[in-house]
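Numbering (the UniProt record's numbering), first residue to last: 1 to 317. We treat Cβ as the ideally placed atom computed from N, Cα and C, and that holds for glycine.
What follows is the structure, given as structure tokens:
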């Protein structure tokens with residue numbers, strides 16, 4: 001049906017399927033082509049899916065793919081941080097966030113995500129959004145570009161690249177991905193680093209265009225608040241900026257917030273799970289190289305807020 005392979009499908013299902021029962025709500029916050037959700041709906045009969053995606057084209061593909069489960073699916077065209085607007089006070093049993101770009105987005109040059117193919121400087125996941133990569137590259141100040149490339153792309157040559165972009169756009173407007181890719185290649189020859197020299201800049205632009213990191217933190221905080229006891233949140237991230245947010249947030253809720261040795265003890269509401277499933281197997285990477293950077297993290301809610309009450313601990317003499 002499409003060329004996108006769901007990443008770490010077996011590991012994701014291993015974490016999700018045991019806790020989903022009849023009538024339980026499952027949020028696929030980044031539905032994409034629906035590969036993960038299809039497998040989960042097949043094995044978890046009676047579970048109800050809320051599939052969310054900001055990409056209308058992806059949502060249409062998923063709707064078609066999951067048509068056999070239409071009575072158990074609700075499809076939402078929105079950013080994943082807005083999922084709570086559609087739940088009507090429901091408390092989901094599972095949240096899944098697959099933060100990677102889909103193959104159908106990368107491989108379509110008209111979307112402007114690829115530095116390997118010529119296309120318009122777009123990069124919008126939701127094509128009705130206003131800001132595009134073209135507007136950023138042609139309109140942002142040199143200082144702003146440096147910040148984006150450094151903070152969102154961890155680009156060591158951010159100043160050099162931003163300076164060259166500003167110089168080039170003063171002559172003529174930047175309009176295609178190949179223009180920018182070649183400009184970066186000229187400034188940073190490939191021998192300087194492993195991989196394509198434009199990779200980090202294109203990542204940074206995509207994050208800026210789509211406000212990805214801001215939405216991620218907001219969405220995870222909401223998911224942690226709404227998750228049922230016994231429910232799980234599973235996240236697949238693909239670069240260190242995403243993973244750092246997930247790691248720090250999950251760690252913070254899975255340990256007591258009170259100082260060690262304090263005379264009041266409070267059990268954490270969550271526990272980390274799936275530590276042995278963090279990375280894709282070599283066989284999967286061989287079949288799907290785009291899975292190589294995937295990193296899986298998950299938490300389970302073990303107490304409600306009221307259940308995780310503080311307990312007085314007798315101080316040591």
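> Taking just the CA atoms, how far does residue 275 sit from residue 325?
Replying inline: Examination of residue 325 is not possible in this model, given that the chain is present from 1 through 317 alone.
>> Between the alpha carbons of residue 184 and residue 197, how many angstroms are there, rounded?
In response: 7 Å
>> With distance defined between alpha-carbon atoms, name the residue in 207, 17 and 251 nearest to residue 94.
In response: 17
> Taking the continuous beta strand (DSSP E) assigned at residue 295, which residues delimit it?
Replying inline: 295-301
>> Using CA atoms only, rank isn't needed, just tell me which of 43, 36 and 103 is closest to residue 51.
In response: Restricting attention to 43, 36 and 103, the CA atom closest to the CA of residue 51 is found in 36.
>> Beta-carbon within less than 7 Å of residue 316's beta-carbon, same chain only, minus the 5 sequence neighbours each way: which residues are those?
In response: For residue 316, the predicted model reports a pLDDT of 49, less than 50, meaning its position is unreliable; a value from the coordinates is still stated below. Excluding residues within five positions, none has a Cβ falling inside 7 Å.
>> Between which residues of its own chain and residue 220 is the CB-CB distance below 6 Å, once the five residues before and five after are set aside?
In response: 249
> From this set, 31, 113, 39 and 33, which residue's C-alpha is nearest residue 20's C-alpha?
Replying inline: 39
> What is the rounded straight-line gap between the Cα of residue 7 and the Cα of residue 170?
Replying inline: 42 Å
> Is the beta carbon of residue 236 less than 8 Å from the beta carbon of residue 100?
Replying inline: yes
> Tell me, which residues are paired with residue 232 by DSSP?
Replying inline: 94 and 300
>> Can you give me the C-alpha to C-alpha distance between residue 205 and residue 48, rounded to a whole angstrom?
In response: When rounded, the distance between both Cα atoms is 35 Å.
> Assuming residue 180 contacts residue 137 under a Cβ cut-off of 8 Å, what Cβ separation, rounded to an integer in Å, is found between them?
Replying inline: 7 Å
> Which parts of the stretch 14-66 are runs of the beta strand (DSSP E), unbroken and 3 residues or longer, counting only runs that do not cross its ends?
Replying inline: As far as the stretch 14-66 is concerned, its whole beta strand (DSSP E) runs of at least 3 residues are 25-28 and 48-53.
> What residues in its chain sit with their C-beta under 7 Å from that of residue 112, if we drop five residues either side in the sequence?
Replying inline: For residue 112, where only same-chain residues beyond five positions count, the Cβ hits under 7 Å are 119, 120, 121, 122, 123, 133 and 177.
> Which runs of the alpha helix (DSSP H) fall wholly inside the stretch 116-140 and span at least 4 residues, in chain order?
Replying inline: 133-139
>> If you reduce the DSSP assignment to three classes, tell me which class residue 199 lands in.
In response: Here residue 199 sits in helix by DSSP.
> Any idea if residue 311 is buried or exposed, counting beta-carbon neighbours within 10 angstroms, 16 or more meaning buried?
Replying inline: A caution first: residue 311 carries a pLDDT of 49, below 50, which makes its placement in the model unreliable, though a value can still be read off. Per the 10 Å Cβ criterion, exposed.
> From 129, 207, 102 and 106, pick the residue whose C-alpha is nearest to that of residue 148; which is it?
Replying inline: 207
> In three-state terms, what does DSSP make of residue 272?
Replying inline: strand
>> Measuring CB atoms only, is the stretch 139-146 touching the stretch 58-77, in the sense that at least three cross pairs come out at less than 8 Å?
In response: no
> If we ignore side chains and look at the alpha-carbon of each, how far apart do residue 234 and residue 117 end up?
Replying inline: 32 Å
> Cα separation between residue 347 and residue 217?
Replying inline: Past the boundaries of the shown model lies residue 347; the chain is included only from 1 to 317, so the question cannot be answered.
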